[in-house]
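According to the working numbering, the sequence shown holds residues 3 to 272 in order.
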Amino acid sequence: MATLRTDLPNLAGRRVLICRPEPEASRLARQFQSAGAETHVFPLVDREPLPETPERRTTILGLDEFSHVIAVSPYAARLLLEELDTWWPQLPAGLKWYGVGAGTAKALADHGLSPRKPDEGWTSEALLKLPSLSQFNGERVLVARGEEGRELTRKTLEARGARVTVMPLYRRFCPDYTPTQVDKALEHFAPDAIVALSGETLNNLIALCANCSHNLYDRLVVVPARRIADQARAAGFNAPFIPGSLADNDIVAAVAEQLAGRDGGSGTAK
């Protein structure tokens, strides 16, 4: 049994379903457990690196032709840096590095880089507000991301005069769970809160819920952005919530505050 720390929110007796991919899911679960919560890790998105292609190698070898490099997630940043280590023992000088959110920026910073990130928020919309991405004169921008993703960054930067190269590094997919595993996570565990920190995660949760009998629509659902909260409401979830930060300890504190508020009858989804 987890030992409850007095410097953390009290989540004793609470059950939290964590649908993030690994290893982020288990890391967040440990933080919830430290606050006394019972957790069930149930990733609804998994990831695997894409095989190298001649086109991708050409892009990597031409890194010095770019002015800006954007990583859309910590996983994208880690894969990009691993590949760069192979071909660039010393990275080209003068590149501007960007992380969509603090976690991605930290993955770049841990490699010795000085990435830029939004002052507030962790979405593509927030990143695109940075002054250094506001106007271009044909400069080249590299965007490291998954095989499928939002086109907002590419389209916006191209409209601002950039020449954008999108480099897919991994693919996302929903793990293949048995009906027994789904039943255990969604029904028998009976979570008080569900952590679904991407639109794809939420969509996979919605699809699973549609195929089983449950009563999760009134549970607190933690989502990363307003557009995903709108998706959750449209699917029938009554309490989507956007925390003030996606750092693990901030998610735990936000969930504790929201659940306490709901118990008191005064909690409302953000």
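Ideal placement from N, C-alpha and C gives every residue a C-beta, glycine not left out.
Please name the residue in the options whose C-alpha comes closest to that of residue i.
i	options	result
Asn205	Pro45, Leu13, Gly38 and Ala31	Pro45
Leu144	Thr125, Pro170 and Ala161	Pro170
Gln183	Trp89, Leu210 and Glu150	Leu210
Cys21	Val197, His190 and Tyr179	Val197
Gly103	Glu67, Glu127, Ala234 and Pro120	Pro120
Asp66	Trp124, Gln92 and Thr41	Gln92
Leu261	Leu207, Gly246, Thr60 and Ala241	Ala241
Glu40	Asp194, Leu207 and Ala212	Asp194
Gln233	Glu202, Glu150, Ser247 and Gly246	Glu202
Gly101	Ala128, Leu86, Glu85 and Trp90	Ala128
If you draw a straight line from the alpha carbon of residue i to that of residue j, how long is it in whole angstroms?
i	j	result
Asp252	Leu13	14 Å
Pro56	Ser136	32 Å
Leu159	Glu122	20 Å
Pro177	Ser200	15 Å
Pro51	Lys157	25 Å
Gly15	Asp220	18 Å
Arg174	Pro94	30 Å
Ser36	Asp250	12 Å
Ser116	Thr180	44 Å
Leu83	Gly263	42 Å
Asp112	Val168	23 Å
Glu54	Leu130	29 Å
Ile230	Phe34	23 Å
Arg165	Thr88	25 Å
Arg7	Arg162	At Arg7, the pLDDT of 47 sits below 50, so the modelled position is not reliable; the number obtained from the coordinates is stated separately. Roughly 49 Å between the two C-alpha positions.
Leu63	Ala31	39 Å
Phe239	Leu207	11 Å
Leu81	Glu259	35 Å
Thr106	Arg49	16 Å
Val254	Thr155	30 Å
Phe138	Arg17	48 Å
Specify, as a first and last residue, the run of the beta strand (DSSP E) that residue i falls within.
i	result
Trp99	Lys98 to Gly101
Phe239	That residue, Phe239, is in no beta strand (DSSP E); it is neither H nor E in DSSP.
Leu19	Arg17 to Ile20
Leu222	Leu222 to Val224
Val71	His70 to Ala73
Leu144	Arg142 to Gly148
Tyr179	From DSSP, Tyr179 is part of no beta strand (DSSP E); its letter is neither H nor E.
Leu199	Leu199 -> no beta strand (DSSP E), and no H or E assigned at all.
Given a cut-off of 9 Å on the beta-carbon distance, is the pair residue i and residue j in contact?
i	j	result
Lys98	Ser134	yes
Arg118	Leu132	yes
Val257	Pro11	yes
Ser69	Glu24	no
Ala146	Ala78	yes
Leu188	Leu218	yes
Val43	Ser28	yes
Gly148	Val71	no
Glu26	Pro76	yes
Should residue i be counted as a contact of the ligand NAD given a C-beta to heavy atom distance under 8 Å?
i	result
Arg221	By its list of ligands, the structure shown contains no ligand whatsoever, and the ligand NAD lies outside what it can speak to.
Between which two residues does the alpha helix (DSSP H) carrying residue i extend?
i	result
Asp87	Pro76 to Trp89
Arg118	No alpha helix (DSSP H) contains Arg118, which DSSP labels as neither H nor E.
Pro56	Pro56 to Leu63
Phe34	Glu26 to Ser36
Leu159	Leu154 to Ala161
Leu171	From DSSP, Leu171 is part of no alpha helix (DSSP H) but of the beta strand (DSSP E) over Arg165 to Phe175.
Glu127	Ser126 to Leu129
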